[in-house]
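Trainee: What the sequence shown shows, in the numbering used here, is residues 662 to 896, in sequence order. Ideal placement from N, C-alpha and C gives every residue a C-beta, glycine not left out. In this text the structure is predicted, and so the values were computed from the model without any measurement.
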Amino acid sequence: MRKRLQRLAESKGPAIRRDSPQNELVDTLYQRQHARTLEILQLPEEPALKALRLCHSVHEASEQAWALGKDLHQPKIDCRSGCSWCCHVPVRAHILDAIGAAAPVLSTPLDYSLPSRRREDLVGIFQPCPLLVDGQCSIYPQRPVVCRAYQSRDESICRVRFDRQDPSISIPMSMELYGLTGMPQLATLSILGELGIDCRPVVLGLAIQALQQDFEGMVADWLDGGRSFDEVTVV
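1) Can you tell which of I738, L757, L686 and Y839 has the C-alpha that lies nearest to the C-alpha of D859?
2) Can you tell me whether Q703 is buried or exposed, with buried defined as 16 or more other CB within 10 angstroms of its CB?
3) Of all the options C819, C744 and L865, which has the alpha carbon lying nearest to the alpha carbon of S829?
4) Closest to L710 by CA distance: which of V893, D891, V895 and A881 is it?
5) Among residues of its own chain, excluding the 5 on either side of L867, which ones have a beta-carbon nearer than 6 Å to its beta-carbon?
6) Below 8 Å on the Cβ atoms is my contact criterion, and I expect V687 with M844 to pass it. Report the Cβ-Cβ distance as a whole number of Å.
7) Per the contact definition of three or more C-beta pairs closer than 8 Å, is the region 765-782 in contact with the region 720-734?
8) Does the Cβ of A728 have 16 or more other Cβ atoms within 10 Å, making it buried, or fewer, making it exposed?
9) Out of curiosity, what's the CA-to-CA distance linking P833 and S817?
10) Just mark S642 as buried or exposed, buried being the case when its beta carbon has 16 or more other beta carbons within 10 Å.
11) Quick check on the burial criterion: 16 or more other C-beta atoms within 10 angstroms. Buried or exposed for S774?
12) Could you tell me the distance, in whole angstroms, from the CA atom of R809 to the CA atom of T842?
Shown next, in the form of structure tokens:
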């Protein structure tokens, strides 16, 4: 893995298209996080610290992408503090997001279970995220990228979807903003994938429970190309 990382670090970075403001922004966000990911992965530090540093860099870049995307597209967003309709689903997130979310709650055991981890079953499950406390996200600064990117143009549709527990009801959102916010994570995942590091989505609550049992061991195995998250992945 070390040699592969070195080759990636020495290779030419992704190009930036300048044919439109959207494409230029997309490619700039991707290029910056691509370079930052390689920098972090080469740091001589413990796996858990490296993973958290990488997670925080993705989250910081995603927040910047969100702000730039809002300025560019001026989307109508109906979300507000305390509105938690979208927090009543099994969150499917990247392993890196689960590591970041688990870190602040390692000493707070979660009571969480699901009848299935199958992708087609998860979309029909409406139960609160275990990190939702009194209608608020208890780890908001460490929330996954998908939670940062998700937004709604019409909160009333979110309420109807939840009340009816009907996953076929689509939430209207700015897909441009959603895509831009996720672009830094996509850059990081591309590198992790090339290094043979597990990039499968996990069920957030289940992954946090597993990490609470052996945080450092699971993270070290994962960064070494292991499959320590097998029991919590989306199947």
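Mentor: In short:
1) L757
2) exposed
3) C819
4) A881
5) V893
6) 6 Å
7) no
8) exposed
9) 11 Å
10) Since the displayed the chain opens at 662 and closes at 896, residue 642 lies outside it and no answer follows.
11) exposed
12) 7 Å
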